[in-house]
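Data block below; observations after.
Numbering (this note's numbering), first residue to last: 24 to 143.
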C-alpha cells in the first residue's frame, strides 16, 4: 500500500513535466479539493476515521503534502492551515510500527513543520 500510494502521489504531482494526452491526471485544484475535504471537514475526518489506521495515516499524510504543494504555488484558495495537523500526525506515525517508511514520513513532516514555522 505504501509504495503504491507513493507512486500514485508522484504521478499526480508531475503536472506539466510529463504529458497526459488522455487527460487522466486530475489538476492540482481537484486534488486540493479532495485533500481539503479529508483534512478540513467533519465528513472527511469521519470518513478517514472509519478506515483502517494505516490507510487513515497515509491519506492524511498525502493530503497534507497536496495542501502544502498548493500553498507553495499560492493556490491554497480555502486558506487551509495545515500547521496544527503536522505534529499530531508525526506523533501518530512515530508510534505506529506497521509503516515501512515511517522514518521518511516523519522526516518530511518535520521539514513541513519547519517551513510553516519560518512562514509565520
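Each residue gets a CB set at the ideal place from its N, CA and C atoms; glycine is no exception.
Distance cutoff 8 angstroms, beta carbons only. Does residue i sit that close to anything in chain B?
i	result
residue 135	The structure shown contains no chain B; it is built from a single protein chain.
How far does the alpha helix (DSSP H) with residue i in it extend, from its first residue to its last?
i	result
residue 142	125 to 142
residue 27	25 to 35
Is DSSP giving residue i helix, strand or coil here?
i	result
residue 47	coil
residue 38	helix
residue 103	coil
residue 73	coil
residue 62	helix
residue 120	coil
residue 96	coil
When you compare only the Cα positions, how much space is there between residue i and residue j?
i	j	result
residue 37	residue 50	10 angstroms
residue 45	residue 24	26 angstroms
residue 120	residue 131	17 angstroms
residue 34	residue 115	26 angstroms
residue 106	residue 31	24 angstroms
residue 67	residue 137	26 angstroms
residue 143	residue 92	17 angstroms
residue 125	residue 117	7 angstroms
Taking the alpha carbon of residue i as the reference point, which residue from the options has its own alpha carbon closest?
i	options	result
residue 81	109, 104, 43 and 40	109
residue 26	95, 70, 78 and 72	78
So does residue i have its beta carbon nearer than 7 angstroms to some heavy atom of the ligand SAM?
i	result
residue 109	Ligands in the displayed structure: none, and consequently the ligand SAM is not present.
Closer than 8 angstroms is the cut-off here; do at least three beta carbon pairs connect the stretch 93 to 108 with the stretch 49 to 65?
yes
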